[in-house]
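Quick notes on the structure that follows.
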Amino acid sequence: MERRNFIKSVGAAGVLSLIGSRLAPPLLAAPATDKPLFITATCPGGWDVSLFCDPRYGADFPLNRFGEGDLRKFGPFTLGPGSAAAVQFFERYSKKIMLLNGVFAETIDHGVGQRLACSGGAGTGFPCFDALVAASLGPTLGLSFISGGGYDETAHEIAKTLSAPSLIQAMSSTIGKDNVFSSSDTSAISASIAARLKRKQAQAQLAIRQKNMNLLAQARQGWGAFPGVLKTVADLQAKVPLVQGVTGDDKAVKDYRNQLFLSIQLALAGYVNNATVSANIAFGNCDQHSNFPQHHLELDGFFIGMDYLWRAAEYLGISDRLNVMMGSDFSRSPFAIGAANDQGKEHWAQTTSIILMGTNVPGETLIGSTTRDKSFKAEMIDPKTLKPAASGVPLLRSHVHNELRRIAGIQDHPIVKKYPLILPGGPIRILA
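Numbering (this note's numbering), first residue to last: -14 to 417.
Pasting the structure below:
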């Protein structure tokens, strides 16, 4: 790639200041690997848990065309056949998985559902969990919070890095190439960047602009980590297959070689190079409505990506430092919508499911349940025993996020205290 075109492509991505030591003196990030890496992964649109992790069939679920003989059991988990990749994921990782069924979704609105899934709060502008982790545990790291899609609100508490193919591809094109820029180019660009930021900081009058300038200055402290990040990304791309041993529809395998994998690579590479503490990634569109037969492909693609995440983490030797939460906006209705021949399902607020994996997560654990009939709603649980209880409380996503804040050690951080969670019945201890 010609130097001029390279600079143009990177500048268009808004990351010229983050190219690395060729454009700035090496400013090494503080070590991050004494802390776990937190990743929130969402399958947007409202996944149908009755097809896989909370299976239902029969007359009350007319579009779920399977029966008792099609179910698979792995430890405490019963999987429906709605996604071959989901079944294989549970088969491979059941000892790491905590499955929360019967989580009351509270909403059928996509925006609210995404906020609840990623932050535990319903309000507009409520920061996602991963942004709070980054602001609390890694505010001066160069790639502290990586966003690969989904709800990634930061409330201006931390700078986020947007994962995109153009970013990684443009930066990767310089790996292993010496003297891409002359010394005079390097000095001039570095001086110009520093001078412009200093001017902007001096000119900022509004508090929000001052805060944004400070966030930018913080982000640039991680420049020195970029060469290592890019080399690790290249290593993952060369050594870890995107898809390994997954059966099912060929289209599902072919179509999902996309930004999901790049987001995972950047998050893991940032972590092992002491530049990243959290990431938010998303894949798919489960909001199929009348195109319901497409739903299993979306689920397949998501779980193919989650399998890659754990295989890549194992390759890098950090699987014991990884914490992952998987979820969606809400679930899907038991019944078909509209006319009898309309092959679709509606948004469903009565229940959804969450998958947790990682440190402090007891594996092979199932918590929560739903009714067996067409009401398909979350059952109350006893907050102490975690067993179904008619006089108990609903398990909400705010309860789960409260636990994530606790195991991350950020619940008492001043930034996090600005964003309290609503916890009906009080905290529910589900993690170690």
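The beta-carbon is built from N, C-alpha and C at its ideal position, and this holds for glycine as well.
Asked                                                                                                                        : Found
Counted within 10 angstroms of its Cβ, other Cβ atoms place residue 212 as buried (16 or more) or exposed                    : buried
Neighbourhood of residue 400 by C-beta distance below 8 Å, restricted to the same chain and skipping five residues each side : 117, 120, 121, 142
Contact under 9 Å by Cβ, residue 416 with residue 83                                                                         : yes
Completely contained alpha helix (DSSP H) runs for the stretch 250 to 313, where each covers 4 or more residues              : 280 to 301
As assigned by DSSP and simplified to three states, the class of residue 355                                                 : strand
Nearest candidate by alpha-carbon position, reference residue 402, set 306, 223, 111                                         : 111
Of the listed residues 307, 300, 60, 316, nearest to residue 393 (C-alpha basis)                                             : 307
For residue 114, the first and last residue of its enclosing alpha helix (DSSP H)                                            : 114 to 122
Counterpart residues of residue 429 in DSSP-defined beta bridges                                                             : Limits of the chain in this structure are -14 at one end and 417 at the other, which puts residue 429 out of reach.
Cβ-based neighbour list, residue 375, same chain, cut-off 7 Å, excluding 5 preceding and 5 following                         : 365
Three-state class that DSSP yields for residue 74 in the structure shown                                                     : helix
Contiguous alpha helix (DSSP H) assignments of at least 4 residues, all confined to the stretch 80 to 146                    : 95 to 104, 114 to 122
Sub-9 Å separation of residue 115 and residue 263 beta-carbons                                                               : yes
Simplified DSSP state of residue 399, which is helix, strand or coil                                                         : helix
Same chain only: Cβ atoms within 8 Å of residue 278, ignoring 5 sequence neighbours per side                                 : 328
Three-state secondary structure (DSSP) of residue 213                                                                        : helix
Three-state secondary structure (DSSP) of residue 248                                                                        : helix
Inter-residue Cα distance where the pair is residue 35 and residue 65                                                        : 7 Å
Distance CB(residue 472)-CB(residue 406) smaller than 9 Å                                                                    : A query on residue 472 cannot be resolved here, the shown segment of the chain reaching from -14 to 417 and no further.
Opening and closing residue of the alpha helix (DSSP H) in which residue 390 lies                                            : 382 to 393
Buried versus exposed, by CB contacts within 10 Å (16 or more), residue 177                                                  : exposed
For residue 362, three-class secondary structure by DSSP                                                                     : coil
Counted within 10 angstroms of its Cβ, other Cβ atoms place residue 276 as buried (16 or more) or exposed                    : exposed
First and last residue of the uninterrupted beta strand (DSSP E) at residue 227                                              : Neither: residue 227 is in no beta strand (DSSP E) and is coded neither H nor E.
Residue from 57, 125, 44, 361 with nearest C-alpha to residue 260                                                            : 125
Validate contact between the stretch 26 to 33 and the stretch 342 to 362 using beta carbons, cut 8 Å, 3 pairs                : no
Distance between residue 133 and residue 310 (C-alpha atoms, nearest Å)                                                      : 15 Å
9 Å Cβ cutoff met for residue 280 and residue 317                                                                            : yes
DSSP state of residue 241 mapped onto helix, strand, coil                                                                    : Residue confidence is low: residue 241 scores 48 on pLDDT, short of 50, so the model does not pin down where it sits. No coordinate-derived value is stated.
Cβ-based neighbour list, residue 48, same chain, cut-off 7 Å, excluding 5 preceding and 5 following                          : 277, 321, 328, 330
From 285, 358, 128, 384, residue whose alpha carbon lies closest to that of residue 250                                      : 128
Integer-rounded CB distance, given that residue 62 should sit under 8 Å from residue 284                                     : That pair is no contact at about 15 Å.
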